[in-house]
Amino acid sequence: MSTQTKADIEEKLYLNHYTVDTQSHLSIKEQSVCAACQRKICLTICPAKVYEIRDGETSISYEGCLECGACRITCPHSNIEWTLPRGGFGIQYRLA
Ligand code: SF4
Ligand code: SF4
746 MSTQTKADIE EKLYLNHYTV DTQSHLSIKE QSVCAACQRK ICLTICPAKV
796 YEIRDGETSI SYEGCLECGA CRITCPHSNI EWTLPRGGFG IQYRLA
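Quick note, my numbering runs 745 ahead of the 1-based positions in the sequence shown.
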């Protein structure tokens, strides 16, 4: 059985190509809900580290999104407005 290290996975992620849109395909519905959220699982579940707390609010660096959907599924308050990027934008996966 092959095991992949974190470094192996990061190396593969560098192969991906992004066509970044000027508008975000992700947004927070209500910052007050995030402020009261105990788990803040979006900060740890996202493999691309898209979510951060900045100045007390949940911020989104949508440019690096891998479109995996994990944040949408795991946010305990369904507080993420999640769509795919518009046609022609987003990630293109490249296999090594
Ligand atoms: S898990 Fe959901 S509600 Fe909690 S901080 Fe993240 S986006 Fe906000
Ligand atoms: S879809 Fe995946 S990569 Fe994109 S923000 Fe959500 S968890 Fe992160």
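Think of the CB as a built atom: it goes at the ideal place given N, C-alpha and C, for glycine as much as any other residue.
Under 7 Å from any heavy atom of ligand 2, does the C-beta of residue i make it?
i	result
residue 686	Any property of residue 686 remains undetermined from this structure, which presents the chain solely from 746 to 841.
residue 765	no
residue 811	yes
residue 793	yes
residue 835	no
Pick out whichever of the options has its Cα sitting closest to the Cα of residue i.
i	options	result
residue 814	779, 760, 771	771
residue 769	781, 796, 780, 782	796
residue 828	816, 822, 821	816
residue 733	777, 792, 805, 810	Outside the shown range of the chain, which is 746 to 841, sits residue 733, and nothing can be said about it.
residue 825	767, 785, 758	785
residue 789	819, 755, 749	819
residue 808	798, 801, 793	793
residue 839	805, 800, 799, 754	754
Using only the heavy atoms of ligand 1, determine whether one of them is closer than 7 Å to the beta carbon of residue i.
i	result
residue 770	no
residue 828	no
Mind reading off the beta-carbon distance from residue i to residue j? Whole number of angstroms is fine, and I expect it under 8 Å.
i	j	result
residue 779	residue 773	6 Å
residue 803	residue 787	7 Å
Quick check: the stretch 818 to 838 against the stretch 754 to 765, are at least 3 beta-carbon pairs closer than 8 Å?
Counting Cβ pairs under 8 Å, three or more are found: they touch.
If you scan the stretch 811 to 839 from start to end, which runs of the alpha helix (DSSP H) of 4 or more residues do you find wholly inside it?
Listed in chain order, they are 815 to 819.
Inside the stretch 749 to 797 only - beta strand (DSSP E) runs reaching at least 3 residues
Counting whole runs of 3 or more residues, the stretch 749 to 797 contains the beta strand (DSSP E) stretches 762 to 764, 771 to 773.
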